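To start, the structure under review is shown below, and the notes come after it.
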Amino acid sequence: MAASVCRVGSTVGRALAKTRSPILLSLRRGQASVSYAQSLVGAPETRLTTLDNGLKVASEETGHATCTVGLWISAGSRYESEKNNGTGFFLEHMAFKGTKKYPQTALEQQVESMGAHLSAYTSREHTAYYMKTLAKDLPKAVELLSEVVQSCSLNEAEIEQQRGVVLRELEEVEGNLQEVCLDLLHATAFQGTALGQSVLGPSRNARTLTRQDLVDYINSHYKAPRMVLSAAGGVNHEELVGLAKSHFSGVSFEYEGDAVPVLSPCRFTGSEIRMRDDALPLAHIAVAVEGASAASPDIVPLMVANSIIGSYDLTYGGGKHLSSRLARLAVEENLCHSFQAFHSSYSDTGLLGIYFVCDKHQIEDMMHWSQNAWMNLCTTVTESDVARGKNALKASLVGQLNGTTPLCDDIGRHILNYGRRIPLAEWDARIDAVTPRMVRDICSKYIYDKCPAVAAVGPCEQLPDYNRMRSAMYWLRF
Amino acid sequence: MMSMAARSGALAPYLHSTKHAVKSLVKPGAKDLAPAAENVEYSLVPAHQSPGGIRLAHTDIKIPDFTDYRRPEVTDPNKSSQDSSDARRSFSYLFTGATTVVGVYAAKTVVTQFLSSMSATADVLALSQIEIKLSEIPEGKNITFKWRGKPLFVRHRTEKEIATEEGVNMSELRDPQHDKDRVINPKWIIVLGVCTHLGCVPIANAGDFGGYYCPCHGSHYDASGRIRKGPAPLNLEVPYYVFPDEDTLLVG
Numbered sequence: 003m004a005a006s007v008c009r010v011g012s013t014v015g016r017a018l019a020k021t022r023s024p025i026l027l028s029l030r031r032g033q034a035s036v037s038y039a040q041s042l043v044g045a046p047e048t049r050l051t052t053l054d055n056g057l058k059v060a061s062e063e064t065g066h067a068t069c070t071v072g073l074w075i076s077a078g079s080r081y082e083s084e085k086n087n088g089t090g091f092f093l094e095h096m097a098f099k100g101t102k103k104y105p106q107t108a109l110e111q112q113v114e115s116m117g118a119h120l121s122a123y124t125s126r127e128h129t130a131y132y133m134k135t136l137a138k139d140l141p142k143a144v145e146l147l148s149e150v151v152q153s154c155s156l157n158e159a160e161i162e163q164q165r166g167v168v169l170r171e172l173e174e175v176e177g178n179l180q181e182v183c184l185d186l187l188h189a190t191a192f193q194g195t196a197l198g199q200s201v202l203g204p205s206r207n208a209r210t211l212t213r214q215d216l217v218d219y220i221n222s223h224y225k226a227p228r229m230v231l232s233a234a235g236g237v238n239h240e241e242l243v244g245l246a247k248s249h250f251s252g253v254s255f256e257y258e259g260d261a262v263p264v265l266s267p268c269r270f271t272g273s274e275i276r277m278r279d280d281a282l283p284l285a286h287i288a289v290a291v292e293g294a295s296a297a298s299p300d301i302v303p304l305m306v307a308n309s310i311i312g313s314y315d316l317t318y319g320g321g322k323h324l325s326s327r328l329a330r331l332a333v334e335e336n337l338c339h340s341f342q343a344f345h346s347s348y349s350d351t352g353l354l355g356i357y358f359v360c361d362k363h364q365i366e367d368m369m370h371w372s373q374n375a376w377m378n379l380c381t382t383v384t385e386s387d388v389a390r391g392k393n394a395l396k397a398s399l400v401g402q403l404n405g406t407t408p409l410c411d412d413i414g415r416h417i418l419n420y421g422r423r424i425p426l427a428e429w430d431a432r433i434d435a436v437t438p439r440m441v442r443d444i445c446s447k448y449i450y451d452k453c454p455a456v457a458a459v460g461p462c463e464q465l466p467d468y469n470r471m472r473s474a475m476y477w478l479r480f
Numbered sequence: 609m610m611s612m613a614a615r616s617g618a619l620a621p622y623l624h625s626t627k628h629a630v631k632s633l634v635k636p637g638a639k640d641l642a643p644a645a646e647n648v649e650y651s652l653v654p655a656h657q658s659p660g661g662i663r664l665a666h667t668d669i670k671i672p673d674f675t676d677y678r679r680p681e682v683t684d685p686n687k688s689s690q691d692s693s694d695a696r697r698s699f700s701y702l703f704t705g706a707t708t709v710v711g712v713y714a715a716k717t718v719v720t721q722f723l724s725s726m727s728a729t730a731d732v733l734a735l736s737q738i739e740i741k742l743s744e745i746p747e748g749k750n751i752t753f754k755w756r757g758k759p760l761f762v763r764h765r766t767e768k769e770i771a772t773e774e775g776v777n778m779s780e781l782r783d784p785q786h787d788k789d790r791v792i793n794p795k796w797i798i799v800l801g802v803c804t805h806l807g808c809v810p811i812a813n814a815g816d817f818g819g820y821y822c823p824c825h826g827s828h829y830d831a832s833g834r835i836r837k838g839p840a841p842l843n844l845e846v847p848y849y850v851f852p853d854e855d856t857l858l859v860g
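Just so you know, the sequences run in chain order R and L.
Throughout, our numbering is defined as the position within the first sequence, counted from one, plus 2.
Throughout, our numbering is defined as the position within the second sequence, counted from one, plus 608.
Pasting the structure below:
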């Protein structure tokens with residue numbers, strides 16, 4: 003049996019044989035499927051090493067021929083002030099415009115010659131630079147990443163050029179109404195605090211940020227203890243650690259003037275913002291309450307609760323047989339074009355909400371039924387609902403990790419949020435521990451009789467008055 | 609490429625806090641979209657013009673500072689609002705509840721005042737009671753007063769009459785009532801002068817029993833107003849009365 007598997011590919015076979023993966027042992031001739039339980043146990047362990055300067059190195063060796071390797075940093079718009087909001091985003095634009103060792107064309111050529119993809123993203127609390135490449139090109143990839151992060155050239159002419167690009171991107175994002183709506187939701191929910199700021203930053207900052215601002219940002223936030231070098235795929239952990247030591251040992255771990263940026267808590271304000279524009283065809287509305295932080299024990303029951311509400315859009319074929327009650331109503335009453343329950347969690351707070359897109363005459367009904375779904379969760383959620391939610395959640399958690407890049411991202415974010423990688427088996431156990439009573443209690447804690455934050459974009463005249471929406475957060479019958 | 613987690617449909621209820629603005633170097637020699645000219649004024653060209661106006665970047669929208677309107681516990685943006693939320697909510701509900709109670713009471717008062725304005729006026733109510741000076745009624749005499757549209761008999765009974773009435777046997781009476789049950793002070797018998805047969809006014813100090821005699825159909829009442837002979841079924845009605853003092857009688 004082992005011989006037939008090795009015939010599949012020498013690299014894969016060697017890698018599998020080396021790790022002695024249980025997946026290999028359970029493969030039957032001609033069959034490649036693995037049961038859920040096997041995939042939980044069979045997932046390779048994520049190995050974590052910390053360098054002397056505090057930089058963490060984590061990897062999961064899956065035996066693929068490709069790998070994704072990247073640097074995840076605890077930096078984002080939450081660390082910015084009103085004056086320099088948008089610096090992280092601008093920096094992301096500047097990242098691939100050349101480093102001290104490789105000017106732009108040289109950098110591009112290096113990446114292209116490997117056939118690699120070099121990408122980045124910035125969010126409110128995390129920034130990531132990562133590269134998808136062949137497993138054998140890991141050393142080159144790590145070198146290029148270290149160059150990009152540590153010695154970005156930030157040349158003045160480029161900065162000026164990128165201003166226009168950033169402004170145009172700001173313009174373009176106005177067309178993505180989901181982004182706009184959720185950004186406005188954060189702006190109003192966390193008004194007056196750093197979390198209320200958008201990642202993109204205001205247009206004024208895009209016009210006035212200087213090279214010094216970018217340099218200051220790098221110096222204050224790109225510190226080793228806040229970074230994780232994460233990799234997934236056909237990578238060898240020891241090799242990765244060696245590469246990290248040689249390229250990232252120079253990353254500083256001290257702050258100038260001992261000014262360690264400490265995140266202060268962000269106040270949540272129940273409020274609303276309406277960006278009414280009757281010329282738009284559909285209304286995009288998000289309603290949210292303050293949720294749990296990423297490391298909170300309440301995260302799993304809340305995720306199960308969101309699975310119970312689920313999501314829906316017009317392309318779903320289930321019709322009135324969809325399992326989520328809100329989705330059934332959406333079909334039967336023609337309530338909306340799409341909705342999804344979401345939970346954005348940050349290091350000490352979160353937003354638990356429902357986002358929906360609907361026609362301007364359905365807003366009131368959709369809002370009523372969405373809040374009704376919340377009330378159901380807080381009061382009468384049943385055993386079968388919870389069982390269904392748990393299964394859906396388990397399936398999505400496993401299904402999301404379908405490739406080296408999602409895996410690498412998962413590892414990076416977990417290390418930043420929790421300090422370790424939470425394995426699937428642990429998620430599974432925590433999900434199994436959720437009972438209907440737990441869902442009711444925890445949902446009541448976060449949702450029942452709390453002031454929501456509401457953001458609406460588009461033809462939102464029918465959206466009820468805030469006091470009516472606030473009143474729908476409790477039931478007199480209870 | 610990492611796509612916005614929001615588009616993962618049914619399989620992604622767990623959305624993480626990622627904002628994706630992805631730059632990637634896929635094509636070699638990709639030229640930047642902006643012209644590499646210096647000193648160019650970059651103005652945000654509004655891409656979305658609608659009849660209502662021009663929409664600028666949503667990131668330029670500044671949420672106003674509502675500190676002046678906030679409760680003291682939530683004026684600090686660096687403090688979580690969760691800690692004070694129970695206290696604030698309790699205060700709001702307490703205040704609302706108390707105001708509701710006061711409001712309901714005020715409403716009830718106003719309504720009853722308006723409704724009670726339709727009830728009997730003072731002059732009518734004044735007629736409902738009658739105050740009689742007893743010293744003006746000599747012994748053995750029966751005075752008739754008009755009270756509530758009906759004749760009221762006030763009789764100052766003699767000792768002999770009192771003794772007679774108290775000695776009457778219950779089995780003889782059509783409507784058995786002892787004299788004690790019909791008077792507060794045995795010296796005074798106060799009854800309505802309306803015959804219980806068909807409503808005529810009996811004549812005082814007439815009849816076979818030393819009381820009243822109704823001329824209409826011949827009902828005889830005694831000095832306690834009880835029916836003794838004749839068609840009337842019941843004793844004369846005793847109204848509600850009190851003696852506020854020695855000399856005064858208040859009926860009604």
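All residues carry an ideal CB built from backbone N, CA and C; glycine is no exception.
Please read these numbers as outputs of a predicted model, since none were measured by experiment.
Chain-ordered listing is empty here: chain L has no CB closer than 9 Å to the CB of R:Pro-461, the nearest sitting near 11 Å. R:Val-71 is positioned such that its CB atom lies closer than 7 Å to that of R:Met-133. In the three-state DSSP reduction, L:His-764 falls in the strand class (E or B). The beta-carbon separation of R:Leu-353 and R:Ala-290, rounded to 4 Å, stays under the 8 Å limit for a contact.
Here R:Ser-148 is not near R:Phe-255, since their CB atoms are 7 Å or more apart. For the pair L:Val-809 and L:Ser-725, the Cα-to-Cα distance works out to about 35 Å. In the DSSP assignment, R:Arg-49 falls within the beta strand (DSSP E) that extends over 48-52.
R:Glu-258 and R:Asn-87 have their alpha carbons spaced roughly 21 Å apart.
R:Pro-438: member of the alpha helix (DSSP H) spanning 438-448, first to last residue. In terms of Cβ geometry, R:Ile-417 and R:Arg-228 do not form a close pair [threshold 7 Å]. When only Cα atoms are considered, R:His-286 and R:Arg-327 end up about 21 Å apart.
In terms of CA proximity to L:Val-850, L:Ile-798 leads the group L:Glu-744, L:Ile-798, L:Glu-769, L:His-825. Rounded to the nearest whole angstrom, the CA to CA distance from L:Glu-744 to L:Arg-765 is 14 Å. DSSP places L:Lys-716 inside the alpha helix (DSSP H), whose first and last residues are 690-724. In summary, R:Ser-61 is buried, with 16 or more beta-carbon neighbours lying within 10 Å of its beta-carbon over all protein chains present. Nearest neighbour of R:Ala-296 by Cα position, chosen from R:Gly-421, R:Lys-447, R:Lys-103, turns out to be R:Gly-421.
Note: R:Leu-353 is bridge-paired with R:Glu-292, R:Ser-346 in the DSSP secondary-structure output.
Beta-bridge pairing by DSSP links R:Trp-74 to R:Ala-130, R:Val-230.
Your pair L:Glu-769 and L:Ala-831 checks out as a contact, with CB atoms roughly 4 Å apart and the cut at 8 Å.
Only residues of its own chain outside the window of five on either side were considered, and among them Arg-213 have a CB closer than 8 Å to the CB of R:Glu-158, listed in chain order.
Scanning its chain for C-beta atoms nearer than 8 Å, with the 5 sequence neighbours on each side dropped, one finds around R:Glu-366 the residues Gln-464, Leu-465, Pro-466, in chain order. Where L:His-666 is concerned, there is no enclosing alpha helix (DSSP H), because DSSP gives it neither an H nor an E.
At a cut-off of 7 Å between beta carbons, L:Pro-685 contacts chain R. Interface with chain R (7 Å Cβ-Cβ cutoff): L:Asp-668 is included. Fewer than three Cβ pairs drawn from the stretch 236-249 of chain R and the stretch 689-701 of chain L lie within less than 8 Å of each other, which leaves the two stretches out of contact. Using beta-carbon distances, R:Arg-269 counts as an interface residue toward chain L, with a partner under 7 Å.
With contacts defined by Cβ atoms closer than 7 Å, R:Leu-379 and R:Ala-294 do not form a contacting pair. Taking 7 Å as the cut-off, the beta carbon of R:Ile-356 is found closer than this to the beta carbon of R:Ser-372. For R:Glu-158, the secondary structure class from DSSP, reduced to helix, strand or coil, is helix. Chain L places no beta carbon closer than 7 Å to that of R:Asp-300, leaving this residue out of the contacts. By the criterion of a C-beta distance shorter than 7 Å, R:Lys-396 is surrounded in its chain by Asp-430, Ile-433, once the five residues flanking it on both sides are discounted. R:Leu-73 places its beta carbon less than 7 Å from that of R:Leu-231. Just so you know, the alpha carbons of L:Asp-789 and L:Glu-773 end up roughly 12 Å apart. The C-beta of R:Glu-176 has 16 or more other C-beta atoms within 10 Å across all chains shown, which makes the residue buried. Contact with chain R is absent for L:Ser-736, since none of that chain's Cβ atoms lies less than 7 Å from the residue's Cβ. Of the other Cβ atoms in all chains shown, 16 or more fall within 10 Å of the Cβ of L:Val-762; this residue is therefore buried.
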